[in-house]
Amino acid sequence: MDEKGTLSPYKDNARMPIYIFFKDLRLIFKLDELGLDIARIAFPAALALTADPIASLVDTAFIGQIGPVELAAVGVSIALFNQVSRIAIFPLVSVTTSFVAEEDTIGEVSSEAQENESLEAGSIGSSENKELLPQHGVDEVASNPKSPDSSFGITTNKKNKKHIPSASSALLIGAILGLIQAIFIIAGAKPLLNFMGISLESPMLKPAHEYLTLRSLGAPAVLLSLAMQGVFRGFKDTKTPLYATVAGDVTNIILDPILIFVFHLGVTGAAIAHVISQYLISIILFKRLMEKLDLLPPSIKHLQFSKFLKNGFLLLLRVVAVTFCVTFAASLAARQGPTTMAAFQVCLQVWLATSLLADGLAVAGQSLLASAFAKGDYDRAAATASRVLQWGMLLGLMLACVLGMGLKLGGKIFTSDVNVLNLIGIGIPFVAGTQPINSLAFVFDGINFGASDFAYSAYSLVLVAIVSILCLLLLSSTHKFVGLWIALTIYMTLRALVGFWRIGTGTGPWKFLRRS
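Here the numbering used here = 1-based position in the sequence shown + 52.
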């Protein structure tokens, strides 16, 4: 029996929690109801998530034509900007998706229950009572202070727009964090770049400083748009963020050559193009969200600040640990000189862009699992976790094959420098070979977030980061460029292992998988 008192097949004495990784493996290619649900969410989400890294790759390709110094400088600036952005927004996006999915599911369940009660009352009542029923629709019941979902602040106004407290909270927090990030980076650009390994005498300092300060002007738009993407994911709508992101990134790609080469603005033009694209994305998402939700809360008490702060702090620890490893690796590469940093930048951008395809599966797993756990449907939760993990492994193997064959031929897109190309060739086996590991690591993240297992996600990744940073320090000093990639491989392997351990041992929210 599970916690809801229903019989669950995962309580069979013949089965262990680790069975979940192989459950219904024969159905991996079948687009049944679950498969279609995952595909509808994952495919647009994956495209949206990879659109920005692809735009950064286009930036990298254009800037690489200016010279290796500019390519290395922008690589450091992008790594630094992304580090600060992820620290500021990733916890917010992750908890927003889970909270919105839970609140929306609770609201739907409550509305269905109220409709059923109304129908039952109408079927046994008098004709006079039946005439009165239309005056008390679901919208009015949902906004009744005594309704089941009122404790969550979920209401529907007269225009049939929902008010989801977590959505309003996320947008307000995202806007504030965006302003803080812009001020922080612009005010401390040179010290931050120095921390990243660019000294005051380095030829990389001037282009890196120009790119970083200008791109930081788009920080409010970046954080606000990511917060809104978290809201849409909670509604299982990943198409809207995709359309907005593609519109913005296409604008970026069009403006890049115009501003960089036609107007001769160099790295400044690349930064301006990126900022314009981010504000366009934010405007599109905000307009669509206003059509769907009433973003003004009925009162301050409806905002979920305490819930965000509690779980957001845990994920803040996690994201600092996760992103610091990659940023620290970029810093160590910068200390090895412009050639090493340029090659590392190209490999890292490809590594991240392709790995983020698995984040689409993570988003699908998170939103579907959050709904399943909110309903207490543990069979659905187990089936969802199994399918997204299996798809994640398959995706990783496919990416490994594609990158292994294509990256060596495509290296010249980013630079014509022979020394940089030689180092890129050395990095290819690591970029391609780690794709299955990366895919599983990202999918495990989404699964843990969907189960609201934020504490385990935070503390386990802090331990992983400590080990990985020690590996980076040791291996980069002994094996230089190769050592950086060996350490990053260890880092992603440990990330995947801690996710495997949580579900495989049937602990935390996955205790229902254990034998009775």
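Note that the Cβ used here is the ideal one computed from N, Cα and C, for glycine as well.
With a Cβ-Cβ cutoff of 8 Å, do residue i and residue j count as a contact?
| i | j | result |
| --- | --- | --- |
| A222 | T148 | yes |
| L245 | L384 | no |
| G444 | A484 | no |
| L348 | A325 | no |
| S50 | L367 | Residue 50 lies beyond the residue range present for the chain, which begins at 53 and ends at 568; the question has no answer from this structure. |
| I555 | P69 | yes |
| A539 | L527 | yes |
| P120 | T290 | no |
| V472 | A395 | yes |
| D497 | A416 | no |
| D301 | I465 | no |
| L421 | A437 | yes |
| Q442 | L109 | no |
| L404 | V327 | no |
| Y543 | S520 | yes |
| G502 | S150 | yes |
| I333 | A279 | no |
| V152 | S218 | yes |
| R387 | G249 | yes |
| L446 | I72 | no |
| Q281 | L369 | no |
| V24 | L459 | For the chain, the structure presents residues 53 to 568; residue 24 sits outside this window and is missing. |
With a CB to CB cut of under 7 Å and the five nearest residues on each side skipped, what residues in its chain are close to residue i?
| i | result |
| --- | --- |
| W537 | G479 and F482 |
| A426 | E154, T157 and I158 |
| P390 | P120, V121, A124 and M256 |
| A91 | L83 |
| I216 | V152, E155, D156, I206 and L345 |
| V283 | T148, V152, A219, A222 and L341 |
| N474 | none |
| D89 | L420 |
Can you list, in chain order, the residues of its chain whose CB lies under 6 Å from that of residue i, leaving out five sequence neighbours each side?
| i | result |
| --- | --- |
| A131 | T379 and A382 |
| T392 | A385 and F533 |
| A373 | L513, V514 and A517 |
| L570 | No answer is possible for residue 570: it lies beyond the span of the chain, which begins at 53 and ends at 568. |
| W553 | none |
| P293 | A100, Q281 and F284 |
| A241 | H261, L264 and T265 |
| G535 | L527 and S528 |
| T375 | Q135 and R138 |
For residue i, which residues of its own chain have a beta-carbon under 8 Å away from its beta-carbon, when the five flanking residues on both sides are left out?
| i | result |
| --- | --- |
| V126 | D111, T112, I115, P259, A260, Y263, V319, A322 and Q397 |
| V298 | L99, A100 and A103 |
| F247 | S383 |
| P561 | F425, A503, S504 and D505 |
| H531 | I538 |
| D308 | V110, D111, F114, G321, A322 and A325 |
| T541 | F482, G485, T486 and I489 |
| E183 | Note that E183 scores a pLDDT of 39, beneath 50, so its modelled location is shaky; the value from the coordinates is reported in the next line. Excluding residues within five positions, none has a Cβ falling inside 8 Å. |
| F204 | Caution applies to F204, whose pLDDT of 48 falls short of 50 and renders its modelled position unreliable; the model cannot decide the point. |
| I118 | I312, G318 and V319 |
Would you mind giving the Cβ-Cβ distance between residue i and residue j, rounded to the nearest angstrom? I have them listed as a contact below 8 Å.
| i | j | result |
| --- | --- | --- |
| L144 | G230 | Wrong, their Cβ atoms sit about 11 Å apart, outside the cutoff. |
| S419 | R285 | 6 Å |
| S329 | T303 | 5 Å |
| V495 | V440 | 5 Å |
| L275 | I141 | 5 Å |
| C399 | I476 | 6 Å |
Does the segment 401–421 come close enough to the segment 491–498 that 3 or more CB-CB pairs lie under 8 Å? Taking a contact to require three or more Cβ pairs closer than 8 Å, the segment 491–498 and the segment 401–421 qualify as touching.
May I ask you to verify whether the segment 261–274 touches the segment 126–143, counting CB pairs closer than 8 Å and requiring at least 3? Counting Cβ pairs under 8 Å, three or more are found: they touch.
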